[in-house]
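What follows is a single structure, written as structure tokens, with notes after it.
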Amino acid sequence: MRGNSSVECLREELIRLVVCPYSEEHKIPSVDIFLHLAKCRKDYHRTHGSCSQLKKCKYNGCHFLPLPEIELHEKLCHSAELYRECEEKMKYPPIALREYKTEQKRTEDMIDAIPHLVDL
Numbered sequence: 001m002r003g004n005s006s007v008e009c010l011r012e013e014l015i016r017l018v019v020c021p022y023s024e025e026h027k028i029p030s031v032d033i034f035l036h037l038a039k040c041r042k043d044y045h046r047t048h049g050s051c052s053q054l055k056k057c058k059y060n061g062c063h064f065l066p067l068p069e070i071e072l073h074e075k076l077c078h079s080a081e082l083y084r085e086c087e088e089k090m091k092y093p094p095i096a097l098r099e100y101k102t103e104q105k106r107t108e109d110m111i112d113a114i115p116h117l118v119d120l
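For the sequence shown, UniProt numbering assigns the number 1 to the initial residue and increments by one for each residue that follows.
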């Protein structure tokens, strides 16, 4: 009985077909998807021109993609892991900070917070 070696896994990944977000009729080997997307995106913009919608990636606000590509992008987005880490950290409520009306009151509170120093 033969187990899957890392070479076999890589080979399977290279021949795995991905459906193009612009046309379900296009099935492309995963290794060629980005080159194919560039071609289909160009055709899409020729057809839709400035009317084409861009959608912001939910993991990175700097990523704007044509509407047909957003789902594929979010599956592959490198920012997703960082987003999930931040989301996990944000499960805890924020610590409330006092709001000061004057700088004098803020200074007084800071002095009160300093432990009294004892002469040794």
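Here a beta-carbon is modelled for each residue, glycine too, at the ideal position from N, C-alpha and C. In this text the structure is predicted, and so the values were computed from the model without any measurement.
Check                                                                                                                                                         : Outcome
Around the C-beta of PRO21, are 16 or more other C-beta atoms found within 10 angstroms, so that it is buried, or is it exposed?                              : buried
Excluding five sequence neighbours on each side, which residues of the same chain lie with their C-beta closer than 6 Å to the C-beta of VAL18?               : ILE28, SER30, ILE33
Taking only runs of the alpha helix (DSSP H) that begin and end inside the region 27 to 67, which ones reach a length of at least 4 residues, in chain order? : 33 to 48
Using the Cβ count rule (16 or more neighbours within 10 Å means buried), how would you classify GLU8?                                                        : exposed
Do the CB positions of LEU67 and GLN53 come within less than 7 Å of each other?                                                                               : yes
Helix, strand or coil: how does DSSP classify LEU97 here?                                                                                                     : coil
Is the beta carbon of TYR59 less than 7 Å from the beta carbon of SER79?                                                                                      : yes
How many angstroms separate the CA atom of LYS56 from the CA atom of GLU85?                                                                                   : 20 Å
Between the alpha carbons of GLU74 and LEU97, how many angstroms are there, rounded?                                                                          : 35 Å
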